[in-house]
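See below for the structure under consideration.
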Amino acid sequence: MRTKDVAQAIYEGALEKKGTDLSAYLHSTVKFLYRKQLLSKSPQILSDLSKIEDKAEGKIEVTLRSTAPIQTAAKKEITELLEKRYNVRHVAYREIIDPELLGGVRIEIGDDVLDLSLRNKINQLKTFLNK
Amino acid sequence: MSNNIVENLKKEIENWNAELKIEKAGRVVEVFDGIAKVSGLSDIRSSEMVTFAGGQKGVALNLEEDAVGVIILGDFSHIKEGEEVNATGQILDVPVSEALLGRVVNPIGQAIDGKGAIKSDKTYPIERVASGVITRQAVDQPMYTGIKVIDAIIPVGRGQRELIIGDRQTGKTAIAVDAILNQKGQNMICVYVSIGQKDSKLRKIQTRLEQGGAMDYTIIVSAGASDSAALSYIAPYTGVAIAEYFMDKGKDVLIIYDDLSKHAVAYREISLLLRRPPGREAYPGDVFYLHSRLLERACRRSQKYGGGSITAFPIIETQAGDISAYIPTNVISITDGQIFLETDLFYKGIRPAVNVGSSVSRVGGTAQIKAMKKVAGTLKLDLAQYRELEAFAQFGSDLDEATKRQLERGKRSVELLKQSQYSPVKAEYQIVSIYALSKGYMDDVPVEKILDFERGLIDYTERNAKTFYKEITESKMWTDKGEEELKKAITDFKSTFNK
Numbered sequence: 002m003r004t005k006d007v008a009q010a011i012y013e014g015a016l017e018k019k020g021t022d023l024s025a026y027l028h029s030t031v032k033f034l035y036r037k038q039l040l041s042k043s044p045q046i047l048s049d050l051s052k053i054e055d056k057a058e059g060k061i062e063v064t065l066r067s068t069a070p071i072q073t074a075a076k077k078e079i080t081e082l083l084e085k086r087y088n089v090r091h092v093a094y095r096e097i098i099d100p101e102l103l104g105g106v107r108i109e110i111g112d113d114v115l116d117l118s119l120r121n122k123i124n125q126l127k128t129f130l131n132k
Numbered sequence: 053m054s055n056n057i058v059e060n061l062k063k064e065i066e067n068w069n070a071e072l073k074i075e076k077a078g079r080v081v082e083v084f085d086g087i088a089k090v091s092g093l094s095d096i097r098s099s100e101m102v103t104f105a106g107g108q109k110g111v112a113l114n115l116e117e118d119a120v121g122v123i124i125l126g127d128f129s130h131i132k133e134g135e136e137v138n139a140t141g142q143i144l145d146v147p148v149s150e151a152l153l154g155r156v157v158n159p160i161g162q163a164i165d166g167k168g169a170i171k172s173d174k175t176y177p178i179e180r181v182a183s184g185v186i187t188r189q190a191v192d193q194p195m196y197t198g199i200k201v202i203d204a205i206i207p208v209g210r211g212q213r214e215l216i217i218g219d220r221q222t223g224k225t226a227i228a229v230d231a232i233l234n235q236k237g238q239n240m241i242c243v244y245v246s247i248g249q250k251d252s253k254l255r256k257i258q259t260r261l262e263q264g265g266a267m268d269y270t271i272i273v274s275a276g277a278s279d280s281a282a283l284s285y286i287a288p289y290t291g292v293a294i295a296e297y298f299m300d301k302g303k304d305v306l307i308i309y310d311d312l313s314k315h316a317v318a319y320r321e322i323s324l325l326l327r328r329p330p331g332r333e334a335y336p337g338d339v340f341y342l343h344s345r346l347l348e349r350a351c352r353r354s355q356k357y358g359g360g361s362i363t364a365f366p367i368i369e370t371q372a373g374d375i376s377a378y379i380p381t382n383v384i385s386i387t388d389g390q391i392f393l394e395t396d397l398f399y400k401g402i403r404p405a406v407n408v409g410s411s412v413s414r415v416g417g418t419a420q421i422k423a424m425k426k427v428a429g430t431l432k433l434d435l436a437q438y439r440e441l442e443a444f445a446q447f448g449s450d451l452d453e454a455t456k457r458q459l460e461r462g463k464r465s466v467e468l469l470k471q472s473q474y475s476p477v478k479a480e481y482q483i484v485s486i487y488a489l490s491k492g493y494m495d496d497v498p499v500e501k502i503l504d505f506e507r508g509l510i511d512y513t514e515r516n517a518k519t520f521y522k523e524i525t526e527s528k529m530w531t532d533k534g535e536e537e538l539k540k541a542i543t544d545f546k547s548t549f550n551k
């Protein structure tokens, strides 16, 4: 059984439930995982589950790397761009200060990378000159 | 007015939306033996090229649920776990241009002969679907190797795939190199693909080709013995991509794969490392397709579609003469015939050590010119009868005249087909010497003097049977007048030779 499938099943089961119903459901889910010896894989299941949830709710998690904290105006612009491009409603940021970028910003959305950093530009120039 | 331009340009600049290029990136999870497991890269295609942070190239071969198996082309010792890998969106390709002629390149198209970078503005994908039925034409033009036994008995046509098969040290590469040397002035381009060969051997071949003036029309693609299996695996595809470039320009190309046994071994290594299930002799299930799709790209294209052809000489090395092993049987069934070389013949001094009985050419016959077909027909028969009688003759003392004559003729045929390395013979000379043999002019020449006789004969007839040679080169067949002249020249020469 793949963790992705388990997470999908848990998500679908929990969709309609609320309050005590939900907590009872989650309790029995954990029991099920224990019985099936899947508890050791819970971190993977949890991360898969959060991906499924984000997708359903139109949310994306974005990693922002920059040399200095990004200003609100710039962030707003990035948010608008990403919302349009990925057709989502919420953009959650994880900001990382990375001096190695030398300047600019690098945006990572899952597998997709939008590298607008100075380091990338210098590297591109380097390969071009080597040609 | 000028103000307007400035204002408008300003607006344009303000409204300019630079297209942002979003790249697909993944991370190296595992790296070992020239293979990398990469996570991410969700939309990657099979055979897509990827680049590692250090600039190395790779090709995605295994697309799995949550990882991609990548073969690394080149040095993999600097690739680290966790390193970023970028998808390029391109199928692996190789730069092609006229500037490749005379050069030695590695399987990704970089020069390795120390003569500087090769300029090119075009690339060809290394994996391409072979020309279809509509664009093809039957093989009907000869491709002379300059080797008597091949051109006469196992003729090869332009666009044919002829396998050269034999044990180690039986002269497989020698035949290929002779064939390249013989293409001088024949309007051919040659591509020599060296797979897993020693660099010293390659260097020897390169020097030999340079001495023979053959590098002017030859390209060498080399994946050496110390290069990774990934490079050996793609080398023949690179070679044929380069060949296709020249074919698309209407040229005839000869490509030699030296050798496909090592190619299969390299592919087996990659497949096992990628954990694909092993089959017979531990080769993966698609090892037949590996060679069939490569050799299918050899073709003769019809004039309507630009003409041009690719003739392929794949080489297979057998172990102890076993042609029923997995890879040899595969490649035999794919190709249009095989030239079978034998150790026994080689040590008997019959060189090239071609076993005429087991060698065939399934399509070359139609490509042979009329004159050659006529003289070679009787030669083939003579040799077949000789082989049959040879066994008897070992016991026999009492043989009748006819049998004795057959044996003597057979001995001379075998002797005449001997040829030293790097000395290709022109087709018209071959016709003259085989003509003299089949008409019985050589029957009273001592066996050990046959090759001397041949040399003298060619020299003499070239001066004294000009009409015959002219007819052969112009109309591919002799007339009665030309034949009379040749007969007279041979008789004249014989009288001087015997003295």
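So the protein lines, in turn, are chains A and B. If you use this note's numbering, the first sequence corresponds to residues 2 to 132, in order. If you use this note's numbering, the second sequence corresponds to residues 53 to 551, in order. Even for Gly, the Cβ is constructed at its ideal location relative to N, Cα and C.
Buried or exposed: which applies to residue i, given that a residue is buried once 16 or more other Cβ atoms fall within 10 Å of its Cβ?
{"i": "I97 of chain A", "result": "exposed"}
{"i": "F84 of chain B", "result": "exposed"}
{"i": "D374 of chain B", "result": "exposed"}
{"i": "Y297 of chain B", "result": "buried"}
{"i": "D304 of chain B", "result": "buried"}
{"i": "A203 of chain B", "result": "According to the sequence as given, residue 203 of chain B is Asp; it is not Ala. Result: buried."}
{"i": "Q72 of chain A", "result": "exposed"}
{"i": "Y244 of chain B", "result": "buried"}
{"i": "P380 of chain B", "result": "buried"}
{"i": "T185 of chain B", "result": "Residue 185 of chain B is actually Val in this sequence, not Thr. Classification for V185 of chain B: exposed."}
Looking at the secondary structure, which residues open and close the alpha helix (DSSP H) in which residue i lies?
{"i": "Q9 of chain A", "result": "4-15"}
{"i": "M424 of chain B", "result": "422-447"}
{"i": "P177 of chain B", "result": "Run containing P177 of chain B: none in the alpha helix (DSSP H); it sits in the beta strand (DSSP E), 174-177."}
{"i": "E552 of chain B", "result": "Because chain B spans 53 through 551 in this model, residue 552 of chain B falls outside it and cannot be assessed."}
{"i": "E480 of chain B", "result": "479-490"}
{"i": "G92 of chain B", "result": "No alpha helix (DSSP H) contains G92 of chain B, which is instead part of the beta strand (DSSP E) from 87-92."}
{"i": "S344 of chain B", "result": "339-347"}
{"i": "D55 of chain A", "result": "43-57"}
Cα separation between residue i and residue j?
{"i": "I110 of chain A", "j": "G265 of chain B", "result": "57 Å"}
{"i": "H343 of chain B", "j": "V181 of chain B", "result": "13 Å"}
{"i": "K73 of chain B", "j": "L115 of chain A", "result": "7 Å"}
{"i": "Y285 of chain B", "j": "A318 of chain B", "result": "6 Å"}
{"i": "E214 of chain B", "j": "L347 of chain B", "result": "10 Å"}
{"i": "K76 of chain A", "j": "V122 of chain B", "result": "36 Å"}
{"i": "F128 of chain B", "j": "L34 of chain A", "result": "41 Å"}
{"i": "A419 of chain B", "j": "M240 of chain B", "result": "16 Å"}
Give me the DSSP bridge partner(s) of residue i.
{"i": "R36 of chain A", "result": "Partner(s): none; R36 of chain A has no beta bridge."}
{"i": "A163 of chain B", "result": "B:V157"}
{"i": "C242 of chain B", "result": "B:T270, B:L306"}
{"i": "G389 of chain B", "result": "B:S413"}
{"i": "R353 of chain B", "result": "B:R188"}
{"i": "A139 of chain B", "result": "B:V102"}
{"i": "S313 of chain B", "result": "Its beta-bridge partners do not exist; DSSP assigns none."}
{"i": "S67 of chain A", "result": "A:I98, A:V106"}
{"i": "K127 of chain A", "result": "Beta-bridge pairing links K127 of chain A to no other residue."}
{"i": "P336 of chain B", "result": "B:P330"}
{"i": "Q249 of chain B", "result": "B:G276"}
{"i": "I217 of chain B", "result": "B:I368, B:F392"}
Candidates the options: which alpha carbon is nearest residue i's?
{"i": "K426 of chain B", "options": "B:S472, B:A295, B:A517, B:A488", "result": "B:A488"}
{"i": "E467 of chain B", "options": "B:T525, B:K62, B:G401, B:V156", "result": "B:G401"}
{"i": "E54 of chain A", "options": "A:R95, A:G14, A:A75, A:K37", "result": "A:G14"}
{"i": "E136 of chain B", "options": "B:K109, B:S246, B:L469", "result": "B:K109"}
{"i": "S485 of chain B", "options": "B:K533, B:S472, B:K539, B:E453", "result": "B:K539"}
{"i": "V156 of chain B", "options": "B:N516, B:W530, B:E262, B:P329", "result": "B:E262"}
{"i": "I295 of chain B", "options": "B:Q473, B:V148, B:T548, B:K174", "result": "For the record, residue 295 of chain B in the displayed sequence is Ala; it is not Ile. The residue with the shortest Cα to Cα distance from A295 of chain B is B:V148."}
{"i": "K422 of chain B", "options": "B:K301, B:N158, B:P207", "result": "B:P207"}
{"i": "V499 of chain B", "options": "B:R461, B:Q482, B:G92", "result": "B:R461"}
{"i": "Q125 of chain A", "options": "B:Y196, B:A377, B:A105", "result": "B:A105"}
{"i": "G417 of chain B", "options": "B:E394, B:G389, B:Y474", "result": "B:G389"}
{"i": "K5 of chain A", "options": "A:L27, A:L39, A:D22", "result": "A:L39"}
Taking the continuous beta strand (DSSP E) assigned at residue i, which residues delimit it?
{"i": "V81 of chain B", "result": "75-84"}
{"i": "H91 of chain A", "result": "91-98"}
{"i": "N114 of chain B", "result": "109-115"}
{"i": "D116 of chain A", "result": "113-118"}
{"i": "S361 of chain B", "result": "361-369"}
{"i": "A419 of chain B", "result": "Taken as a continuous stretch (DSSP letters only), A419 of chain B belongs to no beta strand (DSSP E), as it is neither H nor E."}
{"i": "D145 of chain B", "result": "145-148"}
{"i": "L451 of chain B", "result": "L451 of chain B -> no beta strand (DSSP E), and no H or E assigned at all."}
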